[in-house]
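Working notes, beginning with the structure itself.
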Amino acid sequence: MKKTYKNHQNECVECDISTQERLNYFTGQFLTERDFHTEQEYQISKHRQHNRYLHGYGTVCGLKVVQHPNPDCRDRFIIIQPGLGLDCCGREIWLKEPVYVDIVKALAPQIDDSTTTEHLLISLCYTECKTEFVPALYSDCGCDTTGYEANRIFEGFEVDVQLVDKLPSADRSEPFGVNLKWVSTINLAQASRLALDANAEKIYVLTAANPGQIAIYDTNNYLLIGSIAIGTGVLGVDMAIAPSGRFLYVICQEESGDTNNYSLKVIDIDNPDTPVNNLPLTSGISPPQIIVSPADGRIYTLENNAAPKKLIIWKTDINTTSEIEPDTAKDLEITNTTHPGTISENPQAIALSPDGIWLFIADGTDNQITASKIETLVTPSPETATINLGESPSLLAVAGDSSLLYTVTNPTTGDKKVRAFRIAEESPPFPEIQATTATTPGVTIGTDIPVAITVSNSGKWAYVVSKDSSDKGKVRAVNGEKIAISPSNAVSEPLEVVSAPEDILLDSDKSVLYVAGKGTTQPGGGISVLDIKEEACQDIVWQALEGCPECPEDFCVPLAVISEYTKDKVINDVDINNRIRPLVTSAETLRKLILCALENRGSTGDTEGSPGTPGSKWFDGNTEPSSELDANPGDYYLNTANGDVYRRENNSSWNRVGNIKGNPGNDGTPGEGLESGLTQITNLSWQHNTGKNPLAEISHSQSLGTKQGIVIAFSKPVLVSSIDADHIFQVLVENEESGLVCRCAVKGIIIPVEPVSQGKRIIAAQEIEAPMAEAAAFLFDNRFFFIDGEGVLRLRNEREINQLWVRLRGDFVLDKEEKAIDAEFVRGELPTGDRPRGSDYGSQGGTFESWFWIGDRPKPEES
């Protein structure tokens, strides 16, 4: 079947190879228009087939997206530099000169004042345009002598600008085979649930300890960067994260007699101390489950204690402080009475397709999976279908592209099984079963108890974590493509991970797996970090046996993305991510890579090394290690109570080899690094890089100062009497007469004030008679400046001031402890402070800089 798509001129353009026939010329042959078309089609098809399958899809060279050279135009225009690309059909897209893209014009149909922050994707699409129309003796467009036909077809391009919810990542195909490698173990007592914010590169870990805690780690170095307490006497039993990364949703448990009280706590990550909402759930023995839709961020909770069982689809204002009751938010009761024959009273697990279309519920009584169309759930006749398994399903997971549904069955005795099903709209039946059938056994993963499952973006790989009778944790990789065709090769050997595992999470961008476990002893547990590595390099070439690559639904070539785009955003090079694009590696690039690899190989790279010894395993507990512990020689044991470290010498004995705590040392002198508790900038009278009412009304007695000025507030009082306008608190204006982009400090007066804030901006200030104050105001010297009746700042020569640049030299602004303030302002927003954002640690001094416009920011002229 030929694949076609409609370009922006609504003309169908074929993607697949159109012909395998070529002309056979001979003397005296009669040639028609059809023959010449066939000749062209054959040559073009062969060329594009060569590009498509031997070279690939993406950027060959150039096509870099950059900022506009004029700063005043960067809120409207970007530039695509010349270059060559290949789309997935093998068609060449050639830009011979820079292309100026009008972002505002392109987004006009997609954006308005109510549009929330999204990401901007820039792509390049192949187009064909008929041109050079000439008279035709016979034309398909008409039967008279005035008919015209195109004499040429121009191969061109169009730039596609789209707002997207999710950031695309660099092109990375699924590995042909995977090899799981242990990287690290993050020590955290009773780790139980995981949530990932890939964009912020943070992982959140919920503990099962009392009181419950959420630990926050960065995903680059696995360093602890913060924690969130969920309440005294409260345990966390389940957790999910909003697609934006802004909110955490935690199922909390409070013990009360023989039953437990459960609630859903909504935590704003930017302000975690006060929950946005704490909503009661049904009390009982079984903890509720929670999932969040990646498509629209809606929250679903499965209440196993309700009678009948309830699935609550929470209202969208759950992220606000408004009153929300479960009874009013309930959209669906799981009961045979409401939906006959679809859902039983024993739901084991729930899953959502990331596209927001399907909800799946594992039924432990009828041994089936129920698929429900989400948009019909609250209607009298919801669209549902069932997959009969013959065994009790305990786990569900859906591929990132919503193409495959995986399930793990957990019969009372015997092997546990993994199956994969294709999610399709076809009916009947739904879903279409892709990799196995209801009567086939699927693939076995042994008798270990399955605990959690996660699936890769394309659904090719599933990762299942399980535990044996002694709580030893294991992870297996399952190849969905081999479940039906080669089941004996579909499951990898198990890799041992943290004991008493509870959850597994996949970071597709970094090809990393995280497994959280409580540990078999208390305190114990942690997070095992596993790398997903491609199998041996020689196996890569055999990927060709798995079939030819298919084109994505969008035939355009993605070039760049601009994160968190908002209307009128100024786009600089630092905002443009060009590395989300697929690349077509040229022969010249491959030559350079090979030479680089050869020149930088190790000194012993010419000889094959001896096989390495198996990696050591770590055990932990709060007592000395037992000789009965199932460990091998070379394994280590940590006594968490006193820090002693032991090494297994043979099959029974342990030898103490050190202590990770060490003896307490003497207190050293304070270093010159980061300090806590430094004075920081907390508020301004303007909003950075805008023109929104930047001047504050100042009540003062200075005869030389204007009645409106610029105010900076601090977290602690500072010595304002030592701050002057010439050297320390400077306001600069552009010197247009020089013809250069240079700025000069203007004359002004600095006074201590008490600020009056409205929201996130200082709108007024009152002068105080004290050398120290929590805010300083800059007043323009009225001998040189005045503010006219329309609020416009002018020089006495009537020249209008458009843009002001504020500079505060923090080294010379001292607080009551005679320490310089921490003036860092690297993010262009408050709160300031050194990395990580919002930290109490910083360094003295530094220069604060910001700029804004007086009145509306000028718009760039049309190019």
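Numbering-wise (my numbering), the sequence shown opens with residue 41 and increments by one. Here a beta-carbon is modelled for each residue, glycine too, at the ideal position from N, C-alpha and C.
Beta-bridge analysis with DSSP links residue 528 to no other residue. Counting only residues of its own chain and dropping the five nearest sequence neighbours on each side, residue 512 has a CB closer than 7 angstroms to the CB of 536, 539.
The beta carbon of residue 767 is closer than 8 angstroms to those of 849, 852 in its chain, skipping five residues each way along the sequence. Closest option to residue 302, judged by alpha-carbon separation, among 342, 884, 548: 342.
Per the DSSP secondary-structure output, residue 541 pairs in a beta bridge with 557. When the beta-carbon positions are compared, residue 679 and residue 695 stay at least 9 angstroms from each other. Spatial neighbours of residue 813 in its own chain (CB-CB distance under 8 angstroms, excluding positions within 5 residues in sequence) are listed in chain order as 757, 758, 760, 792, 793, 794. With a contact defined as Cβ atoms closer than 8 angstroms, residue 286 and residue 309 qualify at about 6 angstroms. With a minimum length of 3 residues, the unbroken runs of beta strand (DSSP E) contained wholly in the segment 286-344 fall at 287-296, 299-308, 317-320, 329-332, 339-343. When C-beta atoms of the segment 497-512 are compared with those of the segment 427-445, three or more pairs fall below 8 angstroms, so the two segments count as touching. Counting along the chain, the unbroken beta strand (DSSP E) around residue 403 starts and ends at 398-403. Cβ-Cβ separation between residue 411 and residue 425: approximately 5 angstroms, consistent with a contact (criterion under 8 angstroms). One alpha carbon belongs to residue 608, the other to residue 158, and they sit about 13 angstroms apart. In the three-state DSSP reduction, residue 85 falls in the helix class (H, G or I). When the Cα atoms are used, residue 317 and residue 263 turn out to be separated by approximately 29 angstroms. The segment 222-232 makes contact with the segment 565-572: 3 or more CB pairs, one atom from each, lie closer than 8 angstroms. In the DSSP assignment, residue 819 falls outside any alpha helix (DSSP H) and lies within the beta strand (DSSP E) extending over 812-821. Approximately 24 angstroms separates the beta-carbon atoms of residue 78 and residue 94; this is outside 8 angstroms, ruling out the contact.
In this structure, the straight-line span from the alpha carbon of residue 636 to that of residue 136 is close to 31 angstroms. Under the three-state reduction of DSSP output, residue 159 falls in the strand class.
Secondary structure note for residue 671: it is in no beta strand (DSSP E), with a DSSP letter that is neither H nor E.
Our two residues, residue 531 and residue 450, have alpha carbons roughly 17 angstroms apart in a direct line. Beta-bridge partners assigned by DSSP to residue 717: none are found. Per DSSP, reduced to three states, the secondary structure at residue 784 is strand.
DSSP links residue 519 through a beta bridge to 501. Note on residue 631: under 16 other CB atoms within 10 angstroms of its CB, so exposed under the neighbour-count rule.
Looking only at 494, 669, 197, 516, the smallest Cα-Cα distance to residue 163 is reached by 197.
At the C-beta level, residue 785 and residue 765 come within 9 angstroms of one another.
Look at residue 428 here: in three-state DSSP terms it is strand. Burial is judged here by how many other beta carbons sit within 10 angstroms of a residue's own beta carbon; residue 60 has fewer than 16 and is exposed.
Taking the Cα positions, residue 595 is about 37 angstroms away from residue 528.
Per DSSP, residue 623 is not a residue of any alpha helix (DSSP H), being assigned neither H nor E. DSSP lists 401, 426 as the bridge partner or partners of residue 410. The beta-carbon separation of residue 120 and residue 100, rounded to 14 angstroms, does not stay under the 8 angstroms limit for a contact.
Boundaries cannot be given for residue 263, as no alpha helix (DSSP H) includes it and DSSP labels it neither H nor E. Here the C-alpha atom of residue 686 lies approximately 12 angstroms from the C-alpha atom of residue 672.
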